[in-house]
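Protein chains in written order, with the working numbering: chain H, 1 to 337; chain P, 338 to 644.
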């Protein structure tokens, strides 16, 4: 299949999958019972309840309700978020910066460690450094993020006092404006070095916690694709012309091994997204994940629906971009199989 | 007619299919266990399963419900090493040692139930799609695509949230989420296996579709499912513990995630034990199954390694 055909096919299916996802999210919200529940008060009569249902269109047939909701989502009206006492759309915009910042730094940790470990292990195939990196990366995938976070807090917060929870020091937070709500970026924009250090300082533990889990995914892929590349003829050619092993690895094999590794970025991104829920609870990080956790515990359906839909669309988009990137990077791939 | 004796060497020894299978199984096991990390994983699994089985022997089961944590209100926040509480107690006097052991039992039941359900459902759906094909395949696989669009943990979290906090709902939520992967894996395998000559041969000699599926197609497609199921034995416990930690289980359940969550509030006061030990158990459980699953994949299914 040609790349163009493949892309057109992918782009055509994309909105269908999003519509499908939104239907699942909607059905899910109705499984939990009538959403009128959150508006009810003790002394309401059956008549008043019926009035409420009328007002929010909850007495309409489900498909009609779905379209009403979907129209709302498309026009930016996703209802009222009970847990944050503001419209869902506003709450989402307020919190996305915190989660984005955390995810970006965690991704930096994961990619650096993952590519490093994968290269280290793959270049020493089946020897003990390879076994060690294998155990280390599988440990990352087996690590309960909530437990790892608590361990880090016990060591570095309770016992050593090096770090604390939260996103920033309150006095430093007030010293600069926050136009983007990404604190490191805000500090750079304000030209305040102290604020930048503070933001980074608060980012270290949560992003290491979150990134370590995703490291495994990248390291495993990197290792196996490096092992494959090292068996290729061009590597022998490079060695034969007298290139030192270090350069063979760095300039040739590792570069090519990075291409298939791109495919797991989508997987890794999904992993990071899910992880933010737990990491944000433990590190008191005021982002989307903690918002979702609060909503889950208080049964705030509008928030849950918005969060699930938002993360799914984000996840799908990243995967689409990754697939397109990969199609261009490696023309040998049999597309659409 | 002269009776010509058949020379010894040309006589073919036909072994029953079960002996062949057993031999193959032994050979594969030998190759899987040659890897030291896989062996380590297996030892971890054996140790944890022993704890789960021996829990009623090593601790006195709580009455009436042994899966509910016993409370010792006289010894709250006791550190490890306290008489009667080798791993200490939680802030509500729950014995951490008890929770660690009975948590292993909870995890074993949980993972066996969820893996059982998801492998069965996934295999049936994937087989229908792959073996029958056509429009059915298209419909089933687009549904699978949609279900895979929502990240696993978030999907399970949302399902468990709308159903309300209970461990039973966590089991249900995980079953809804985890079967999808199996459907996709088995469909891909079947489409590949279907093209083999031995399937054509079976069709030519007049075997029924069902017989071809059960005898030739399914047994040759199932390997990656076994690898995935092994890893999911760990992954399911990990995900369930995460949901419990967030607060979607009943309070007081002897489950590792619940215990870590109970202990979390105490860490700033230096009470590290109530979260540390149960969390370690989740980690070891997942690590054991992931190491073994990974080792199996290397031997059984080298292709997925580079996919």
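Glycine included, every Cβ here is placed at the ideal spot set by N, Cα and C. Since the model is a prediction, treat every value here as computed from it, not as a measurement.
Query, Result
"CA-to-CA distance, residue 116 (chain H) to residue 631 (chain P), given in whole angstroms", "20 Å"
"Reference residue 88 (chain H); option with closest CA among H:224, H:101, H:292", "H:292"
"Which residues DSSP lists as bridging residue 431 (chain P), in chain order", "P:408"
"The alpha helix (DSSP H) enclosing residue 633 (chain P), as first and last residue numbers", "610 to 637"
"Burial state of residue 607 (chain P) (16 or more Cβ within 10 Å)", "exposed"
"C-beta neighbour in chain H for residue 421 (chain P), strict 8 Å", "no"
"Residue range of the alpha helix (DSSP H) that includes residue 131 (chain H)", "128 to 142"
"Span separating the alpha-carbon of residue 392 (chain P) from that of residue 192 (chain H)", "57 Å"
"Reference residue 221 (chain H); option with closest CA among H:114, H:51, H:70, H:48", "H:114"
"C-alpha distance - residue 455 (chain P) paired with residue 634 (chain P), whole-angstrom precision", "20 Å"
"Length of the line joining the Cα atoms of residue 232 (chain H) and residue 136 (chain H)", "27 Å"
"is_contact[residue 273 (chain H), chain P] using C-beta, thresh 8 Å", "yes"
"Meets three-Cβ-pair contact criterion under 8 Å: the stretch 142 to 156 of chain H and the stretch 590 to 603 of chain P", "yes"
"Alpha carbon of residue 592 (chain P) to alpha carbon of residue 243 (chain H), nearest angstrom", "56 Å"
"Distance CB(residue 388 (chain P))-CB(residue 441 (chain P)) smaller than 8 Å", "yes"
"Contact residues within the stretch 301 to 318 of chain H, judged by C-beta distance below 7 Å to chain P", "304, 308, 311, 312, 315, 316"
"Test: residue 582 (chain P) CB closer than 8 Å to a CB of chain H", "yes"
"Cβ neighbour criterion (16 or more within 10 Å) applied to residue 44 (chain H)", "exposed"
"Residues near residue 580 (chain P) in its chain [Cβ-Cβ closer than 6 Å; skip 5 each side]", "497, 507"
"Cβ separation of residue 181 (chain H) and residue 270 (chain H), assumed to be a contact under 8 Å, to the nearest whole Å", "Actually they are not in contact, since the Cβ atoms of residue 181 (chain H) and residue 270 (chain H) sit about 23 Å apart, beyond 8 Å."
"Spatial distance of residue 447 (chain P) from residue 432 (chain P) (CA atoms)", "22 Å"
"Unbroken alpha helix (DSSP H) run spanning residue 304 (chain H), endpoints", "301 to 329"
"For residue 86 (chain H), three-class secondary structure by DSSP", "strand"
"Partner residues on chain P for residue 218 (chain H), Cβ-Cβ distance less than 8 Å", "By Cβ distance, chain P contributes nothing, its closest Cβ being about 15 Å from residue 218 (chain H), past 8 Å."
"Within chain H, the residues that residue 616 (chain P) reaches when beta carbons sit closer than 7 Å", "144, 147, 150"
"Endpoints, the alpha helix (DSSP H) within which residue 75 (chain H) is located", "No alpha helix (DSSP H) holds residue 75 (chain H); DSSP gives it neither H nor E."
"Inter-residue CB distance, residue 610 (chain P) and residue 421 (chain P) (contact presumed, cutoff 8 Å)", "With 8 Å as the limit, residue 610 (chain P) and residue 421 (chain P) do not qualify as a contact, their Cβ atoms being about 15 Å apart."
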